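At position 13 of the sequence shown (counting the first as 1) the number is 13 in UniProt numbering, and the numbers step up by one without a gap.
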Amino acid sequence: MPTWCGGALAETGHSQFVVAEVRAAVTSSGKQRSRLALWSRRLFGEAITQAQYLLADHDELVDLVMSGAGGLGQLNAFFDRLQQTHDRRMHELGLS
Numbered sequence: 001m002p003t004w005c006g007g008a009l010a011e012t013g014h015s016q017f018v019v020a021e022v023r024a025a026v027t028s029s030g031k032q033r034s035r036l037a038l039w040s041r042r043l044f045g046e047a048i049t050q051a052q053y054l055l056a057d058h059d060e061l062v063d064l065v066m067s068g069a070g071g072l073g074q075l076n077a078f079f080d081r082l083q084q085t086h087d088r089r090m091h092e093l094g095l096s
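Okay, here's the thing in structure tokens:
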């Protein structure tokens, strides 16, 4: 999530509302928890696929992601950060 968007959600309290609602849903129903966990994995898979498509179609994005001394390791680090951010969100929601 863009920093400005996360900041806006935090300022209005909307993000905490969503977190509370999802936590309540997963706490009250194992079936709901399983469905939401599966959906979150699918959503992450779609995000990875879209990121790969964008990087394949836009060399300037690859240059931006790899704008350091790490070479291809930078690209790997980019996808690792996506995974870590997703994992952190899922943990916060009670879906990990």
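Glycine included, each C-beta is placed from N, C-alpha and C at the ideal position.
Given the structure is predicted, the values throughout are model-derived calculations rather than measurements.
- Pairwise C-beta distances place the segment 70-89 out of contact with the segment 22-39, as fewer than three of them are shorter than 8 Å.
- Here residue 38 is exposed: its Cβ has fewer than 16 other Cβ atoms, across all protein chains shown, within 10 Å.
- Secondary structure at residue 47: helix, using DSSP grouped into helix, strand and coil.
- Straight-line measurement puts the Cα of residue 95 at about 19 Å from the Cα of residue 14.
- Counting only runs of 4+ residues, the alpha helix (DSSP H) found wholly inside the segment 12-78 occupies 14-28, 30-57 and 59-65, in chain order.
- For residue 66 and residue 75, the gap between their C-alpha atoms comes out near 6 Å.
- Taking the CA atoms as reference points, residue 40 sits about 27 Å from residue 58.
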